[in-house]
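Working notes for the structure below.
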Amino acid sequence: MKTVQFREALREAMSEEMRRDENVFLMGEEVAEYNGAYKVSQGMLDEFGDKRVIDTPIAELGFTGIAVGASMNGLRPIVEFMTWNFAILAADQIINSAAKMLQMSGGQYHCPIVFRGGNGQAGQLAATHSQAFESFYAHVPGLKVVTPSNPADAKGLLKSAIRDEDPIVFLESEKMYGDKGEIPEGEYLIPIGLADVKRKGKDVTIVSFGKIIKEAHKAADELKKEGIECEVIDLRTVRPIDYGTVVESIKKTNRCVVVEESWPLASISSEIAYHLQRYAFDYLDAPVMRVTQSDTPFPFSPTLMEEGLPNVNRIIKAVKATMYKN
Amino acid sequence: MAAKSSGKPKKTTKKESSSKKQKFSKETYIKWYKDMLLMRKFEEKAGQLYIQQKFGGFCHLYIGQEAVVAGTVSATKPTDFHMTAYRDHAHPIGLGTDVRKLMAELYGRETGVSKGKGGSMHFFDKEKNFLGGHGIVGAQIPMGAGVAFAEKYKGTDNVTMVSFGDGAARQGALHETFNMAMLWKLPVIFIVENNNYAMGTSVERTTNVMDLSKLGSSYEMPSFVVNGMSPEEVHEAVAMAAERARKGEGPTLLDIKTYRYKGHSMSDPQKYRTKDEVKEYQSKDPIEHCLKVIKDNSYLTEEEIKEIQDWVANEIKEAIEFAENSDYPSKDELYKDVYKTEDYPFIIEY
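Here the protein sequences come in this chain order: A and B. Be aware that the first sequence starts at 252, since it is given in the numbering used here, and climbs by one per residue. Be aware that the second sequence starts at 236, since it is given in the numbering used here, and climbs by one per residue.
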């Protein structure tokens with residue numbers, strides 16, 4: 252094992268895949284000469300040259316469409332968005348083109364393409380720069396949506412995403428790029444669509460994904476001091492969702508809290524809650540609870556920002572509510 | 236002299252069709268005539284069948300615009316690529332797709348060119364390098380540039396033709412794409428099928444700049460106005476642009492002035508234009524023009540012309556029979572062609 256930053260894990264994944272397959276290339280704003288707005292692609296221009304590490308103008312719709320067209324014609328683009336907030340401008344190409352090409356063409360054309368970049372809040376960046384898009388893209392058949400929470404998962408999942416034949420939405424975070432973690436030496440892949448039980452526990456299951464899972468881990472540490480053992484499940488992929496792992500856990504704990512960074516309505520948490528009432532009804536000893544971003548645009552002021560974000564205290568409260576404790 | 240046949244919309248280079256010396260071969264005229272007649276008859280029949288409610292969805296006809304496809308196809312190679320908008324029936328016909336598979340697609344049958352999953356707006360034929368058939372106005376502009384990007388990346392000299400209407404020329408995607416296509420010198424030809432109406436809105440009601448070829452100017456993209464009622468002029472313009480692209484000189488914008496005789500879609504009462512305007516363009520019909528050249532030069536006898544017309548009529552008849560005798564896709568096709576992954580765990584309840 253070795254310790255690397257999240258951004259280094261992503262870079263290793265891209266670089267290894269680009270060495271392996273010359274049809275893989277990276278494009279996006281500032282990915283080449285600037286070495287990446289968040290230094291994810293640092294050094295890649297030097298190794299792969301400007302044919303394969305390509306700076307684009309600020310034109311999300313245009314360069315995403317070019318990448319989608321290239322993927323229809325045999326290449327395997329990795330499109331970096333500086334943040335997923337800017338990718339809203341490219342949503343037509345992701346949702347109307349990439350996600351639907353295989354079906355509309357009766358199986359003739361497909362889009363092996365990875366769209367990746369920072370997702371969710373990254374400090375006091377206010378409403379337009381702080382949105383989490385997991386449930387937006389999870390809604391769309393034809394896409395797969397990957398939400399790694401640590402460097403080891405990020406590398407293994409990104410390598411799988413680049414090799415996947417379907418279009419992948421890969422959600423990272425500016426707040427995670429500096430996170431350090433151990434990753435295996437040498438090559439490894441993590442299959443898309445499998446959840447991971449990050450922490451074993453018998454009392455309550457906390458389901459989460461992406462960077463907000465860090466709050467869940469902190470809450471589990473605090474609760475342990477009070478004798479409450481939380482099981483923490485990292486979904487890692489929110490389309491498809493590994494429901495089986497969640498249901499198995501609920502059969503043991505009988506209680507569930509879902510923690511997610513996005514808004515509550517039509518969210519991953521509402522989907523998990525639906526699934527559990529449908530398929531684990533008899534195992535639930537309490538309603539499924541959730542902790543989400545406040546049902547508001549993300550405000551600038553630090554006090555309001557803190558109030559809106561899922562945090563340790565709110566998670567502890569929700570966990571205790573499933574145990575009918577104060 | 237073929238006085239009527241050389242009639243052209245304004246602002247185009249003058250050129251005369253001559254019955255003496257033709258720039259194009261006998262075979263080319265015969266192929267243009269045959270292909271355009273097949274497109275025309277396919278579309279006329281598609282319109283009738285749509286009114287008879289033989290199939291649903293939208294139906295956008297290419298009638299009047301055939302010379303754009305005919306001249307483009309004759310000027311390019313089979314290894315080149317073609318992509319267009321939802322007015323997409325004529326492009327695969329020009330490229331040689333079996334009209335049976337196209338008619339079956341209109342009918343939503345499993346034997347359709349897109350297995351009945353795309354319909355009128357989403358014809359695709361990978362064998363012919365025809366990459367659709369795209370329903371979102373202007374979305375194919377960056378995608379087409381991307382197809383060209385891939386060819387350049389792979390080091391081929393293949394060219395990609397991406398067609399769109401004058402309405403799509405108002406999308407932001409066009410400007411973003413023009414900028415990058417010039418920056419990266421992509422081997423792409425942007426073809427405006429300029430029929431002068433974005434659905435029911437004429438060009439002058441959507442812009443201060445009436446001359447669409449000027450849209451390339453901001454990016455210093457070579458741009459030309461082309462008479463789209465003439466397969467000869469379309470061919471020459473596309474051949475010139477393709478040569479530039481193959482030499483690595485980058486994209487070209489062709490503002491091809493054409494005219495659709497029918498409405499935007501089948502539900503269009505066409506109150507935005509006069510019957511005289513439609514008639515004026517019909518007097519410049521490219522199919523009639525080719526037929527006149529063929530006759531004036533005695534390229535075919537009357538019997539041979541009749542044979543072509545009969546062949547076309549029979550193709551359309553057989554296409555309808557084929558479509559109507561084909562099955563709809565089986566229910567299990569619903570979950571096929573959504574993911575390449577074979578065991579994708581769809582959420583299926585009740």
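The C-beta atom is built at its ideal place from N, Cα and C for all residues, glycine as well.
Return no unless some Cβ of chain B is closer than 8 Å to the Cβ of residue i.
i, result
"Gly452 of chain A", "no"
"Asp430 of chain A", "no"
"Met323 of chain A", "yes"
"Met252 of chain A", "no"
"Val282 of chain A", "no"
"Pro308 of chain A", "yes"
"Gln528 of chain A", "no"
Return the first residue and the last residue of the alpha helix (DSSP H) that residue i is part of.
i, result
"Cys525 of chain B", "Pro521 to Asp531"
"Pro553 of chain A", "Pro553 to Gly559"
"Gln544 of chain A", "Unbroken run through Gln544 of chain A: none, as it is neither H nor E."
"Asn430 of chain B", "Looking at the DSSP string, Asn430 of chain B is not in any alpha helix (DSSP H), and its letter there is neither H nor E."
"Leu296 of chain A", "Met295 to Phe299"
"Pro402 of chain A", "Pro402 to Arg414"
Between the beta-carbon of residue i and the beta-carbon of residue j, is there less than 8 Å?
i, j, result
"Asp401 of chain B", "Asn430 of chain B", "yes"
"Glu311 of chain A", "Ala350 of chain A", "no"
"Phe359 of chain B", "Gly357 of chain A", "yes"
"Arg506 of chain A", "Ala446 of chain A", "no"
"Ile317 of chain A", "Met415 of chain B", "yes"
"Glu436 of chain A", "Met252 of chain A", "yes"
"Cys525 of chain B", "Tyr264 of chain B", "yes"
"Met417 of chain B", "Met456 of chain B", "yes"
"Leu261 of chain A", "Val291 of chain A", "yes"
"Lys363 of chain B", "Gly331 of chain B", "yes"
Measure the C-alpha to C-alpha separation of residue i and residue j and round it to an integer number of angstroms.
i, j, result
"Glu385 of chain A", "Lys406 of chain A", "19 Å"
"Lys568 of chain A", "Asn577 of chain A", "7 Å"
"Lys541 of chain B", "Tyr360 of chain A", "39 Å"
"Ala477 of chain B", "Ala321 of chain A", "19 Å"
"Val483 of chain A", "His468 of chain A", "7 Å"
"Ala537 of chain A", "Tyr494 of chain A", "19 Å"
"Phe365 of chain B", "Val382 of chain B", "11 Å"
"Ser260 of chain B", "Gly368 of chain B", "31 Å"
"Ala283 of chain A", "Phe332 of chain A", "13 Å"
"Lys514 of chain B", "Glu428 of chain B", "19 Å"
"Arg450 of chain A", "Ser520 of chain A", "19 Å"
"Pro548 of chain A", "Ala472 of chain B", "52 Å"
"Asp533 of chain A", "Val497 of chain A", "14 Å"
"Thr441 of chain B", "Lys492 of chain B", "17 Å"
"Gly242 of chain B", "Glu467 of chain B", "Residue placement at Gly242 of chain B is flagged as unreliable, the pLDDT there being 35, under the threshold of 50; a coordinate-derived value is accordingly withheld."
"Arg481 of chain B", "Pro422 of chain B", "7 Å"
"Lys566 of chain B", "Glu439 of chain B", "47 Å"
"Glu484 of chain B", "Val304 of chain A", "22 Å"
"Ser459 of chain A", "Thr307 of chain A", "34 Å"
For residue i, report the span of its beta strand (DSSP E) as first-last.
i, result
"Val489 of chain A", "Thr488 to Arg490"
"Arg529 of chain A", "Segment Ile519 to Tyr530 is the alpha helix (DSSP H) holding Arg529 of chain A; no beta strand (DSSP E) there."
"Gly367 of chain B", "Phe365 to Gly368"
"Phe366 of chain A", "Val365 to Gly369"
"Met464 of chain B", "First-last for Met464 of chain B: undefined, no H or E at that position."
"Ser322 of chain A", "Per DSSP, Ser322 of chain A belongs to no beta strand (DSSP E); it is in the alpha helix (DSSP H), Glu311 to Met323."
If we cut at 8 Å on Cβ distances, does residue i have a partner in chain A?
i, result
"Ser593 of chain B", "In the structure displayed, chain B extends from 236 to 585; residue 593 of chain B sits before or after that span and is not available."
"Asn414 of chain B", "yes"
"Met378 of chain B", "yes"
"Val394 of chain B", "no"
"Gly381 of chain B", "yes"
"Leu366 of chain B", "yes"
"Pro327 of chain B", "no"
"Lys420 of chain B", "no"
"Phe384 of chain B", "yes"
"Ala558 of chain B", "no"
Return the Cβ separation of residue i and residue j in integer angstroms, given the expectation that the two are a contact with Cβ distance under 8 Å.
i, j, result
"Ala558 of chain B", "Ala339 of chain B", "4 Å"
"Asp562 of chain B", "Arg344 of chain B", "6 Å"
"Ile413 of chain A", "Glu280 of chain A", "About 20 Å; that fails the 8 Å criterion."
"Ala403 of chain B", "Val372 of chain B", "5 Å"
"Val391 of chain A", "Ile463 of chain A", "Not quite, the Cβ-Cβ distance comes to about 22 Å (not below 8 Å), so this is no contact."
"Val397 of chain B", "Ile426 of chain B", "7 Å"
"Ile555 of chain B", "Lys280 of chain B", "7 Å"
"Asp485 of chain A", "Ile443 of chain A", "Their Cβ separation, rounded to whole angstroms, is 14 Å, which puts Asp485 of chain A and Ile443 of chain A out of contact at 8 Å."
"Met445 of chain B", "His499 of chain B", "The pair is not a contact, with the Cβ atoms about 20 Å apart (cut-off 8 Å)."
"Ala408 of chain B", "Gly368 of chain A", "So it is not a contact: roughly 20 Å between Cβ atoms."
Taking only heavy atoms of the ligand ZN into account, decide whether any of them is closer than 7 Å to the Cβ of residue i.
i, result
"Gly451 of chain B", "Ligands in the displayed structure: none, and consequently the ligand ZN is not present."
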